[in-house]
Amino acid sequence: MSRNAELPAFDRLLFLLYGVRIVAVLNVVAELDIAGLIHERPRTARELAEATGTQERVLRRVLRAATAIEVFAELPDGRYVLTPEAESLAPSGFGLRDMTLFNTGEIFTTGFAALLHSVRTGEPAFDHAFGTSLYAYFDEHPAAGELFDRCMLQRSRLVINAGDLLATTDLGRFSRIADIGGGRGHFLGEVLSRHRHMTGLLFERQSVLDHAPALLDQYGVEDRVDLVAGDYFEAVPAGCDAYMLNAVLNAYDDDRAAHLLERVREAIGTRADPRLLICEKVVSHQPNKWDYSKLVDLDLLVLTGGGERTAAEWRELTSRAGFELVSAPARKGSPWTVLECRPV
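Take the working numbering: the last position of the sequence shown gets the number 1046, and nothing is skipped along the way.
Right, here's the structure in full:
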């Protein structure tokens, strides 16, 4: 794909138009776990077909397309090996296979096919295409919900690795931190493992919390975390001096996001010391500049009606809910940051 920059303008546009083909190729290689098989040792198309129960001639054509976009490389003897791009799909890499499956599967492809509906109405394209909301769909399709939960775990790992976000954020001043909508507790586990004096509260849906103890135990922090089930649109537990929202608010439009923040503000009450910590991407306000947040913003529009926000939009949103944004440090090489807010 690095070769794309060397193409003439017309061919670069064609490359973009071929995006649906690329998505399909990535979906197939992820479904068949080709990267995992090649990670064990280089293999020929015949060996890969035998291992995956597929047609060799057809699989070879898919692999040929994959090598054209630099996902896998073919050696002179016909064996395939991992490229740097494919390393992230292998068990030894960031483990992005689940994220690839989710981003190339029916939820995305069908949802984005209805993007024009969102543009015309402002409504989530997913709801229009599937006749239900994303989370209601997960309730009806547990396997899809489990895949989504695994993707959120992978995302937490990516966020933490984005310039070592936690190492450059002063969390040691807090004694008890609440992770609101914190999934299985990966982010909270990382925080508590780095700050032994702290205790935590993980607030999530019960179906997600059921998976949390095993993960928190891996961090050695299970005895310092209280698991509380609930709906953050109704109420948020009180008694913490820091409230963390890690990639939660971007799933909602401004009205819903403000409503959630108001529940956090109610939990803080009259205390002045607690802080709200929002871990999110901040979209660059510069036009004509590459920023993958500008594409993820469309994911959120399509799936939930939410979106990514600029620093000014974050300031306005938090102000609506009774907070003042006091810090939103830019991070070199990453759109992720921790926005710190104080109650007013």
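All C-beta atoms, glycine included, are put in the ideal place defined by N, C-alpha and C. All of these numbers come straight from a predicted model, not from anything done at the bench.
According to the DSSP assignment, residue 889 belongs to no beta strand (DSSP E) but to the alpha helix (DSSP H) extending over 888-896. Taking the Cα positions, residue 753 is about 15 Å away from residue 764. When only Cα atoms are considered, residue 984 and residue 1041 end up about 9 Å apart.
For residue 953, the CB contacts under 7 Å within the same chain, skipping 5 residues up- and downstream, are 1002, 1006 and 1008 in chain order. Contact between residue 882 and residue 927 does not hold, since the beta-carbon distance rounds to 14 Å and is not under 8 Å. Among the bridge pairs identified by DSSP, residue 947 is matched with 980. Annotation: the continuous alpha helix (DSSP H) that includes residue 1016 extends over 1013-1022. For residue 782, the uninterrupted beta strand (DSSP E) segment begins and ends at 781-783.
For the 9 Å CB-CB criterion, residue 721 and residue 746 do not form a contact.
Residue 1029: member of the beta strand (DSSP E) spanning 1025-1029, first to last residue. Restricting attention to beta strand (DSSP E) runs no shorter than 3 residues, the segment 771-835 encloses them at 781-783, ordered along the chain. Short of 7 Å from the beta carbon of residue 793, and not among the five residues preceding or following it, lie these beta carbons of its own chain, in chain order: 738 and 741. By the neighbour-count criterion, in which 16 or more other beta carbons inside 10 Å mark a residue as buried, residue 899 falls on the exposed side.
By the Cβ-count criterion, residue 782 is buried, with 16 or more other Cβ atoms from all chains shown falling within 10 Å of its own Cβ. In this chain, the alpha helix (DSSP H) harbouring residue 957 covers 956-970. In this structure, 732 is the residue among 884, 772 and 732 with its C-alpha nearest to the C-alpha of residue 802. Apart from sequence neighbours up to five positions away, the residues of its chain that approach residue 709 with a beta-carbon distance below 7 Å are 717, ordered along the chain.
Its chain contains 754 as the residues whose beta carbon lies nearer than 6 Å to that of residue 734, once the 5 sequence neighbours on both sides are disregarded; these appear in chain order. Under the Cβ criterion (8 Å, minimum of three pairs), the segment 879-898 counts as touching the segment 910-928. Below 8 Å, enough C-beta pairs join the segment 962-970 and the segment 1016-1027 to call them touching: three or more. DSSP lists no beta-bridge partner residue for residue 858.
Sorting 911, 967 and 918 by C-alpha distance to the C-alpha of residue 937 places 967 at the top. Distance check between residue 1024 and each of 1004, 1010 and 973 places 973 closest, using alpha-carbon atoms only. Here the C-alpha atom of residue 955 lies approximately 19 Å from the C-alpha atom of residue 978. Separation of the CB atoms of residue 940 and residue 914 is rounded to 21 Å, and the pair is thereby denied contact status at 8 Å. Residue state for residue 878 is assigned as strand, using DSSP reduced to three classes. In this structure residue 813 touches residue 1004 by the C-beta definition: roughly 5 Å separates them, less than 8 Å.
In this structure residue 948 is buried. Its beta-carbon is surrounded by 16 or more other beta-carbon atoms within 10 angstroms. Straight across, the Cα-Cα distance linking residue 776 with residue 856 is about 29 Å. In this structure residue 894 does not touch residue 884 by the C-beta definition: roughly 11 Å separates them, more than the 8 Å allowed.
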